[in-house]
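Just so we're aligned: the sequence shown equals residues 2 to 192 in the working numbering.
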Amino acid sequence: MTAPVQHFLGEEWRACCGGRLHIVQAARIVVVADLAKLVAESAYFVAHIGYLDAMCCLQLSWSLLGVSIAIPALLSQGQRRHRHLWPLISLKAVECAVCVLVLLFIFSLGVSGPIGYSALRWLIRWKYRRIEDKDALTFSLATFLVVALLLVVNCYVLFTICRLRDYLRLKALHLYSQHRNQIIRNITRTQ
């Protein structure tokens with residue numbers, strides 16, 4: 002007798018968040034939370050701190066594309082739906098790399114003394130014109146902390162989506178193998 006389809010890989014593959022959630026539900030929650038982060042970022046950050054420029058539009062549209070491609074993959078029941086997760090995986094990997102580079106850049110300018118402080122202040126005033134000159138260094142510290150938080154969140158999303166992709170790929174392989182073995186049994190039984 003074969004095991005039910007949802008139990009084909011064991012609990013270590015299915016469990017997420019300390020065994021409280023199935024990996025598919027955890028990935029759905031993570032994608033919805035990432036979409037909420039994207040909406041909050043575009044609604045609050047662009048309206049109150051920055052402005053909508055070409056880089057901001059590029060980042061928002063790329064993030065929206067990755068999330069919009071991942072949503073049908075999470076909702077579909079097809080055998081090859083794990084392939085639709087690659088845009089979101091590549092997006093999150095690039096976001097993690099950019100977060101690390103931004104953290105290193107802010108840190109290196111922050112510890113390089115007065116020249117680094119003035120360069121950091123100039124960059125902040127150039128990018129975010131609404132920030133006052135006296136608040137630029139405080140804003141750079143806040144940016145460092147927010148980017149560190151985004152790095153943690155993006156790494157968790159990347160880890161969860163990669164685990165989901167592996168789970169769906171192995172599930173499709175298991176279903177194919179199970180179907181193939183059933184066909185072979187039917188052929189050998191008729192001979």
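Ideal Cβ placement from N, Cα and C applies to all residues, glycine included.
- Item | Cβ-based neighbour list, Val-31, same chain, cut-off 8 angstroms, excluding 5 preceding and 5 following | Position 30 of the sequence shown, counted from the first residue, corresponds to residue 31. If we look at Val-31 and ignore the five residues flanking it on each side, its Cβ neighbours are Tyr-157, Val-158, Thr-161, Ile-162.
- Message: Can you list, in chain order, the residues of its chain with a C-beta nearer than 8 angstroms to that of Ala-4? Leave out the 5 residues immediately preceding and following it.
- Response: Locating residue 4 in the sequence shown gives position 3, counting from the first residue. For Ala-4, the pLDDT reaches just 44, beneath the cut-off of 50, and the residue's location in the model is therefore unreliable, although a value from the coordinates is still provided. Correct list: empty, nothing qualifies.
- To the nearest angstrom, report how far apart Leu-105 and Arg-21 are at their CA atoms. Residue mapping note: residue 105 aligns to position 104 of the sequence shown, counting from 1. Residue mapping note: residue 21 aligns to position 20 of the sequence shown, counting from 1. C-alpha separation (whole angstroms): 35 angstroms.
- Given 8 angstroms, three or more beta-carbon pairs between the region 119–133 and the region 166–183: no
- Task: Determine, using beta carbons only, whether Gly-111 and Leu-121 come nearer to each other than 8 angstroms.
- Result: As a working mapping, residue 111 is identified with position 110 in the sequence shown. As a working mapping, residue 121 is identified with position 120 in the sequence shown. Yes.
- Terminal residues of the alpha helix (DSSP H) in which Leu-176 lies: Taking the first residue of the sequence shown as 1, we reach residue 176 at position 175. Segment 137–191, the alpha helix (DSSP H) holding Leu-176.
- Item | Short Cβ contact (8 angstroms threshold) for Leu-152 with Cys-97 | Along the sequence shown, read from residue 1 onward, the residue named residue 152 stands at position 151. Along the sequence shown, read from residue 1 onward, the residue named residue 97 stands at position 96. Result yes, Cβ atoms of Leu-152 and Cys-97 sit closer than 8 angstroms.
- Identify every residue that forms a DSSP beta bridge with His-85. On the sequence shown, residue 85 is found 84 positions in, with the first residue counted as 1. According to DSSP, His-85 bridges with nothing at all.
- Query: Thinking just about the alpha-carbon of each residue, which of Arg-181, Leu-174, His-23, Leu-36 is nearest to the one in Val-154?
  - Reply: Position 153 of the sequence shown, counted from the first residue, corresponds to residue 154. Of Arg-181, Leu-174, His-23, Leu-36, the residue nearest in Cα terms is Leu-36.
- Mind checking if Cys-58 is an interface residue toward chain C, Cβ cutoff 8 angstroms exclusive? Protein chain content of the structure displayed is limited to a single chain, and chain C is not contained in it.
- Message: For Trp-87, which residues in the same chain have their Cβ closer than 6 angstroms to its Cβ, ignoring the five residues on either side in sequence?
- Response: As a first step, residue 87 is located in the sequence shown; it is residue number 86 there, counting from the start. Result list for Trp-87: empty, nothing under 6 angstroms.
- How many Å lie between Val-95 and Glu-42 at the Cα? The residue labelled residue 95 in the question sits at position 94 within the sequence shown. The residue labelled residue 42 in the question sits at position 41 within the sequence shown. Going by the C-alpha atoms only, they are around 18 angstroms apart.
- CB of Cys-39 within 8 angstroms of CB of Leu-65, strictly: The residue labelled residue 39 in the question sits at position 38 within the sequence shown. The residue labelled residue 65 in the question sits at position 64 within the sequence shown. According to the sequence displayed, residue 39 carries Leu and not Cys. Contact flag set, yes.
- Query: Thr-189: buried (16+ other C-beta within 10 angstroms of its C-beta) or exposed?
  - Reply: The count along the sequence shown starts at 1 and reaches residue 189 at position 188. Thr-189 should be labelled exposed.
- Under the rule that 16 or more other beta-carbon atoms within 10 Å means buried, what is Ile-184, buried or exposed? Here residue 184 refers to the residue found at position 183 of the sequence shown. Exposed, since its Cβ has fewer than 16 Cβ neighbours within 10 Å.
- Query: Under a Cβ-count criterion, where at least 16 other Cβ atoms within 10 Å of its own Cβ denotes burial, should Ala-44 be classed as buried or exposed?
  - Reply: One-based indexing of the sequence shown puts residue 44 at position 43. With fewer than 16 other Cβ atoms within 10 Å, it is exposed.
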